[in-house]
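Worksheet: the structure to be examined is printed underneath.
Protein chains in written order, with the numbering used here: chain U, 1 to 263; chain P, 264 to 635.
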């Protein structure tokens with residue numbers, strides 16, 4: 001299985017934002033076992049695989065919504081797999097999450113949605129929180145829609161608003177769950193461009209759960225592939241490398257969109 | 264830490280805000296406070312506002328909110344806003360954050376007359392909607408009556424089980440307790456007049472004519488009315504109602520008629536059951552006072568006639584029709600968004616209970632006028 005070099009071109013070890021060691025995930029039984037994966041600070045990492053391979057389950061484990069059957073998941077020095085509630089509450093402020101359907105709070109305007117984490121975790125004045133929320137909405141192109149409620153905007157706009165909310169506390173890590181699901185190609189490309197711009201401007205690490213090949217090739221620095229049948233991480237590398245020269249035929253077929261009938 | 268310096272501009276009467284240090288999430292609070300305190304004194308109010316980021320060592324997505332604040336201030340004064348000392352990614356960050364940030368004037372307040380007018384139109388529209396629904400329901404009911412094969416029998420029977428047999432435990436408890444409470448509350452006043460046994464009359468008449476059907480219907484509104492609104496409302500939100508329409512299936516026949524028929528059939532039975540338990544509850548108070556069951560039942564029999572039972576049954580059926588129709592209508596009129604189903608459910612329960620009480624008053628007067 002090819003892997004990316006852990007060091008930069010100057011041979012300085014890169015900072016690891018999220019470290020997974022021996023992680024086994026599942027619900028009533030394991031779906032994927034023994035995941036070893038380092039996600040580096042500032043990279044755009046895609047995690048994907050076939051339907052039902054466990055990628056969303058892995059996201060739930062990394063965001064401390066579920067505990068793995070085994071292994072450790074270290075974020076900002078805390079193992080979220082074993083830490084107590086207080087430690088997890090502290091580390092939750094180090095990452096933001098954009099859920100597949102946005103999960104914006106209905107009945108609240110976009111401004112109020114983005115303000116909510118600031119209200120809960122900062123002592124800033126109302127005016128300061130308003131302007132910070134406006135700035136985040138402006139970054140995702142929704143500055144003029146701050147007064148609208150989620151039901152008044154399109155699906156693509158809801159996803160962008162959800163990214164703005166995930167950015168509310170300026171976390172170094174953002175998780176996105178299937179950001180392109182249900183979007184047309186142009187809107188999906190706009191979202192990709194936004195992710196790249198935020199990654200470059202803010203140095204934010206993006207962990208994107210997706211099997212949207214167009215996005216993976218366009219903006220992914222690395223791609224980690226899960227296989228539900230073999231119950232393990234089967235590939236890790238740059239998307240182009242894996243597509244062209246992965247030793248695993250299943251991986252190459254997946255990344256080249258070869259239908260099952262032909263394999 | 265960020266140091267904020269506010270100076271009058273060298274010309275034009277504006278103000279220059281210079282940032283030195285890190286303007287990030289941790290320092291934005293203090294920087295903002297310094298700026299808000301210094302700005303009124305140094306700003307003439309008519310010249311341009313300039314933000315100088317040349318000495319700003321770090322800028323993040325929270326720190327850039329200072330630019331948003333100054334931009335909106337400038338726009339509200341009708342003056343220009345400029346950023347200097349920023350290029351490349353930093354300039355991009357500022358430009359993106361300022362997108363769409365022009366202050367929007369608040370809408371003018373709505374006067375009382377307009378509010379009253381608006382509310383009246385909403386009420387009138389709701390009444391029209393209700394009449395339309397009643398009409399649609401009547402037409403479909405007649406179609407099903409003429410052609411019983413149109414009735415979804417399996418759904419109706421399933422509804423009778425869910426809203427009938429499954430409601431027996433709660434109806435049992437409340438029916439028994441209501442009878443007990445009435446007997447308990449009337450015992451002492453009646454005892455003063457030496458009419459302890461006549462408590463049975465009070466319990467029997469109030470339970471059989473009024474409280475048996477009323478309590479059953481209120482339970483129905485809370486259990487079944489809300490369920491109808493939630494089920495059909497969720498179907499509306501997830502576009503299942505649209506799917507039915509595109510298949511050419513009438514949602515009223517498919518969803519509403521089975522539900523209403525189920526509750527209209529089981530509610531009178533539940534009401535009779537609640538009534539029996541309510542009357543039995545009265546004996547829980549009189550029995551320990553030395554009255555035998557035979558005495559109690561004799562007194563109950565003497566207080567009631569067949570008209571009382573028929574009244575109770577008729578009320579139960581009417582209440583069930585109202586609760587079922589209101590619950591289904593609330594579901595079909597569910598709006599958009601996650602709060603919409605909750606709102607429909609609340610409306611179904613509240614409107615159902617109000618309708619029950621109003622109908623009870625109307626029917627009571629009607630039966631009284633008929634001498635029943």
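For glycine and all other residues, C-beta sits at the position ideal for the given N, C-alpha and C.
The structure presented is a predicted model; accordingly, all values stated were derived computationally and were not measured.
- Here residue 230 of chain U is exposed. Its C-beta has fewer than 16 other C-beta atoms within 10 Å.
- Within the stretch 341 to 396 of chain P, the complete alpha helix (DSSP H) segments at least 4 residues long are 351 to 360, listed from N- to C-terminus.
- Annotated three-state conformation of residue 480 of chain P is helix, per DSSP.
- Interface flag for residue 107 of chain U against chain P is set, since a Cβ pair is found closer than 8 Å.
- Judged by their CB atoms, residue 481 of chain P and residue 619 of chain P are nearer to each other than the 8 Å cut-off.
- Inter-residue distance for residue 110 of chain U and residue 169 of chain U is about 16 Å (C-alpha atoms, whole angstroms).
- Counting only the Cα atoms, residue 107 of chain U lies some 21 Å from residue 141 of chain U.
- Note: residue 223 of chain U is bridge-paired with U:46, U:237 in the DSSP secondary-structure output.
- By the rule that beta-carbons nearer than 8 Å mark a contact, residue 182 of chain U does not touch chain P.
- For the stretch 326 to 342 of chain P, the set of residues with a beta-carbon nearer than 9 Å to any beta-carbon of chain U comprises 326, 327, 328, 329, 330, 331, 332, 335, in chain order.
- With respect to residue 222 of chain U, residue 45 of chain U sits close: the two C-beta atoms are nearer than 8 Å.
- With fewer than 16 other Cβ atoms inside 10 Å of its own Cβ, residue 186 of chain U counts as exposed.
- Between the stretch 196 to 207 of chain U and the stretch 341 to 356 of chain P there are three or more inter-stretch CB-CB distances shorter than 8 Å, so the stretches are counted as touching.
- Cβ-Cβ distances below 7 Å link residue 364 of chain P to 331, 334, 335 in the same chain, with the five nearest sequence neighbours on each side left out; the list follows chain order.
- Residue 234 of chain U is not a Cβ neighbour of residue 258 of chain U, given a cutoff of 8 Å.
- In the structure shown, the three-state DSSP call for residue 567 of chain P is coil.
- Chain U has no Cβ within less than 8 Å of the Cβ of residue 278 of chain P.
- Its chain contains 284, 290 as the residues whose beta carbon lies nearer than 6 Å to that of residue 264 of chain P, once the 5 sequence neighbours on both sides are disregarded; these appear in chain order.
- Within the same chain, and ignoring the five residues on either side of residue 339 of chain P in sequence, the residues whose Cβ sits closer than 7 Å to its Cβ are 366.
- If you draw a 10 Å sphere on the C-beta of residue 157 of chain U, you find 16 or more other C-beta atoms in it, and that means buried.
- Check the Cα spacing between residue 542 of chain P and each of P:471, P:478, P:483, P:574: the tightest is with P:471.
- Under DSSP, no beta-bridge partner is assigned to residue 429 of chain P.
- For residue 38 of chain U, no alpha helix (DSSP H) run applies; the uninterrupted beta strand (DSSP E) run containing it begins and ends at 30 to 40, by DSSP.
- Under a 10 Å Cβ-count criterion, residue 516 of chain P is classified as buried, with 16 or more other Cβ atoms of the shown protein chains found around its own Cβ.
- Around the C-beta of residue 322 of chain P, 16 or more other C-beta atoms lie within 10 Å, and the residue is accordingly described as buried.
- The beta carbons of residue 579 of chain P and residue 509 of chain P sit no closer together than 8 Å.
- Of all residues in the stretch 133 to 151 of chain U, only 133, 134, 135, 136, 137, 138, 139, 140, 141, 142, 143, 144, 145, 146, 147, 149, 150, 151 come within less than 9 Å of chain P when Cβ atoms are compared, listed by chain position.
- Here the stretch 561 to 580 of chain P makes no contact with the stretch 598 to 617 of chain P; the two share fewer than three CB pairs at distances below 8 Å.
- Between residue 317 of chain P and residue 347 of chain P, the CB-CB gap stays under 8 Å.
- Runs of the alpha helix (DSSP H) lying entirely within the stretch 64 to 151 of chain U, each at least 4 residues long, are 85 to 92, 110 to 121, 126 to 139 in chain order.
- The DSSP-derived three-state label of residue 494 of chain P is helix.
- Only 287, 288, 291, 292, 295, 296, 299 from the stretch 282 to 315 of chain P bring a Cβ to less than 8 Å from some Cβ of chain U.
- Within the stretch 77 to 88 of chain U, no residue has a Cβ lying closer than 9 Å to any Cβ of chain P.
- Using a Cβ distance threshold of 8 Å, residue 31 of chain U and residue 25 of chain U count as a contacting pair.
- At least one beta carbon of chain P lies nearer than 8 Å to the beta carbon of residue 131 of chain U.
- Assignment of beta-bridge partners to residue 205 of chain U by DSSP yields U:173.
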